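Engineer: Questions regarding the structure given below will be posed in turn.
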Amino acid sequence: MSEPDLERPAWRRIMAGRDPSQGHRASTPLELLFDLCFVVGVAQAAAGLHHALSEGHPGSGVLGYAMVFFAIWWAWMNFTWFASAYDTDDVLYRLLVLAQITGVLILAAGVPRAFGERDFGLVTLGYAVMRLAMVGLWVRAAREDVPGRASARRYAVGVTLVQAGWIARLALTGQAGLAGFLVLVLAELAVPLWAERARRTAWHPGHIAERYGLFTLIVLGESVLAAVNAIQAGLERGIVLTALLSVALSGIVIVFSMWWVYFAQPAERILVSARAAFRWGYGHYLVFSSAAAVGAGLGVVIDHDTHHAHIGALAAGAAVAVPVAVFVLSVWAVHVRPHHRGPWVNAGFPVVALAVLAAPLTPVPLPSIAVLMALLVVVSTRTSGRGRRVTA
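For the sequence shown, this note's numbering assigns the number 74 to the initial residue and increments by one for each residue that follows.
Spelled out as structure tokens, the structure:
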């Protein structure tokens, strides 16, 4: 593998692949810009979920959120792994990455219409811009990286064919449109599995772990921002001070605990094989989407407490409990459990997740969830570094 000189700008560098054992590999400023612009799409999706839940449409809200978030997450993930293997940081590379950023901004602009009118035209256009720019990167890799040519060609062909399917899906409505979505999701997930069979892409474990950690911070930050906006709305509506403090303090403890639990273990040690990487990488769809949904749930609670929601107390509590429980279970499954055999982890995380789901049945759901998450921090801290194992 060649290691390009990235200390100075260049019009063109040969895309021959980065060294997967390179020391001190860190995220680039372009990757950080990429993340920050993608969070615009995450914020729009979370806002759509918030409004749908408050208006008493949980089914359509969760479905719309899952569909939009998949497009954001999948485009982000595909670029992240590509960049780990092939980042040249030359002019052509930057332009194609900036095209992907433009695509997610187009997608974000279409999110309200997707939630409100089930019109996915603008979302699909933004997704097409992102994916076709990604095809351009894979075509370039196929031309310039001879050892990796077979897998790069498979990626380029696979992404192109599936993207044609997404465009064709716009002609479908109702149940047919939903069925088409599910089929295309499976096709998207299958493309890397097929392409990597030709030759494994030489991604950098430490770089991938850092990139995922940074995006986790971003979606948690989005939840914090959504919670702050909800609290400001509550103040403007004259919310009772005790209710406001309960939501604010509980929300802080919940988000801080989510951060603590996620970063309790070094992810780099999990990425020891392609099989482990696929499980870990794909599993983060639930990690990212649930983390961002917590902020939407806190907004729903504020709406309920200020009588601006068309739902009861149980549904409002569930708007926070469900994403927190999904986060706990998904982090345990893909990020924590591979390190441990001990009973504290194998039983503690699922038990806490079930208890969180039951919290809306109590008189104080949010404080109950906050206490449970604090207990989970204690569990994860006690077990950190004990019984460590990594499975391929």
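Idealized CB from N, CA, C, for every residue including glycine. Source: prediction; values computed, not measured.
How is the alpha helix (DSSP H) around alanine 214 delimited, first residue to last?
Structural biologist: Where alanine 214 is concerned, the enclosing alpha helix (DSSP H) stretches over 194-217.
Engineer: Enumerate, from N- to C-terminal direction, the unbroken alpha helix (DSSP H) stretches of 4 or more residues contained entirely within the segment 379-437.
Structural biologist: Taking only runs of at least 4 residues, the alpha helix (DSSP H) segments lying wholly in the segment 379-437 are 386-404 and 416-431.
Engineer: First and last residue of the alpha helix (DSSP H) that includes alanine 282?
Structural biologist: Note, alanine 282: alpha helix (DSSP H), 278-309.
Engineer: Measure the CB-CB distance between aspartate 192 and alanine 89 and report whether it falls below 8 Å.
Structural biologist: It is not a contact, given that the beta carbons lie outside the stated cut-off.
Engineer: Which first and last residues belong to the alpha helix (DSSP H) in which leucine 108 is found?
Structural biologist: Per the sequence shown, the amino acid found at residue 108 is aspartate instead of leucine. Its alpha helix (DSSP H) spans residues 102-127.
Engineer: Buried or exposed: where does tryptophan 84 fall if 16 or more other Cβ atoms within 10 Å of its Cβ makes it buried?
Structural biologist: The residue is exposed, with fewer than 16 neighbouring Cβ atoms inside 10 Å.
Engineer: According to DSSP, is valine 87 helix, strand or coil?
Structural biologist: Residue identity check: residue 87 is isoleucine in the sequence provided, not valine. DSSP places isoleucine 87 in coil when its eight states are reduced to three.
Engineer: Verify whether the separation of the beta carbon atoms of valine 373 and alanine 392 is less than 8 Å.
Structural biologist: Contact flag set, yes.
Engineer: Sorted by chain position, which residues of the same chain lie with C-beta nearer than 6 Å to serine 75's C-beta, five sequence neighbours on each side aside?
Structural biologist: Annotation note: pLDDT 48 at serine 75 (below 50); position unreliable, no value reported.
Engineer: On the CB-based measure, 16 or more other CB atoms within 10 Å of its CB, does glycine 460 come out buried or exposed?
Structural biologist: At glycine 460 the pLDDT is 45, less than 50, meaning the model places this residue with poor confidence; the figure from the coordinates comes in the next sentence. Glycine 460 is exposed by the Cβ-count criterion.
Engineer: State the start and end residues of the unbroken alpha helix (DSSP H) segment that holds proline 131.
Structural biologist: 131-159 is the extent of the alpha helix (DSSP H) around proline 131.
Engineer: Please report how far the alpha carbon of isoleucine 304 lies from the alpha carbon of tyrosine 358, in whole angstroms.
Structural biologist: For isoleucine 304 and tyrosine 358, the distance between alpha carbons rounds to 28 Å.
Engineer: Between the beta-carbon of threonine 23 and the beta-carbon of aspartate 163, is there less than 8 Å?
Structural biologist: Here the chain comprises residues numbered 74 to 465, so residue 23 is not present and cannot be evaluated.
Engineer: Closer than 7 Å by C-beta to methionine 140: which residues in its own chain qualify, once you throw out the five before and the five after it? Chain order, please.
Structural biologist: So the qualifying residues of the chain are Phe254.
Engineer: For aspartate 376, I'd like the list of residues in its chain whose CB is within less than 6 Å of its CB, leaving aside the five on either flank, ordered along the chain.
Structural biologist: If we look at aspartate 376 and ignore the five residues flanking it on each side, its Cβ neighbours are Ser127 and Ala382.
Engineer: Only counting the same chain, and skipping five residues up and downstream in sequence, which positions put a Cβ closer than 8 Å to that of leucine 243?
Structural biologist: The answer, listed in chain order, is Phe193, Gly194 and Thr197.
Engineer: Determine the direct distance from the alpha carbon of valine 297 to that of proline 436, and round the result to whole angstroms.
Structural biologist: Distance between the alpha carbons of proline 436 and valine 297: 24 Å.
Engineer: In angstroms, rounded to a whole number, what distance separates the CA positions of phenylalanine 288 and leucine 105?
Structural biologist: Whole-angstrom Cα-Cα distance: 9 Å.
Engineer: For tyrosine 285, which residues from the same chain have a beta carbon less than 7 Å from its beta carbon, with the 5 sequence-adjacent residues on both sides left out?
Structural biologist: Correct list, in chain order: Ala340 and His357.
Engineer: For isoleucine 327 versus alanine 443, is the C-beta spacing smaller than 8 Å?
Structural biologist: Yes.
Engineer: Near threonine 464, which residues of its chain fall below 6 Å by C-beta distance, leaving aside the five closest residues on each side in sequence?
Structural biologist: A caution first: threonine 464 carries a pLDDT of 47, below 50, which makes its placement in the model unreliable, though a value can still be read off. The answer, listed in chain order, is Pro411.
Engineer: Check threonine 175 in the structure and name its three-state DSSP category.
Structural biologist: Of the three classes helix, strand and coil, the one that applies to threonine 175 here is helix, per DSSP.
Engineer: Cα separation between serine 330 and methionine 446?
Structural biologist: Distance between the alpha carbons of serine 330 and methionine 446: 6 Å.
Engineer: Quick check: valine 360 and phenylalanine 422, are their CB atoms within less than 8 Å of each other?
Structural biologist: Contact flag unset, no.
Engineer: If we count the other Cβ atoms within 10 Å of its Cβ and call it buried at 16 or more, is tryptophan 239 buried or exposed?
Structural biologist: Buried, since its Cβ has 16 or more Cβ neighbours within 10 Å.
Engineer: Are the segment 224-238 and the segment 168-185 touching by the rule of at least three beta carbon pairs closer than 8 Å?
Structural biologist: Touching, no, given that fewer than three Cβ pairs across the two stretches are closer than 8 Å.
Engineer: Please classify threonine 464: does DSSP put it in a helix, a strand, or coil?
Structural biologist: For threonine 464, the pLDDT reaches just 47, beneath the cut-off of 50, and the residue's location in the model is therefore unreliable, leaving the point undetermined.
Engineer: Going by Cα to Cα distance, which pick from Val418, Leu402, Val407 and Met203 is closest to valine 429?
Structural biologist: Measuring from the Cα of valine 429, the nearest candidate turns out to be Leu402.
Engineer: Whole angstroms are fine: how far does the CA of alanine 125 sit from the CA of alanine 389?
Structural biologist: Taking the straight line from one Cα to the other gives about 12 Å.
Engineer: Taking the alpha-carbon positions, what's the aspartate 378 to histidine 130 distance?
Structural biologist: Going from the Cα of aspartate 378 to the Cα of histidine 130 covers about 18 Å.
Engineer: Answer yes or no: do alanine 347 and glutamate 283 have a C-beta to C-beta separation smaller than 8 Å?
Structural biologist: Contact: no.
Engineer: At a cut-off of 7 Å, would you count valine 418 as near the ligand GDP, judging by its Cβ distance to the nearest heavy atom?
Structural biologist: Absence of the ligand GDP is noted for the structure shown, with no ligands found whatsoever.
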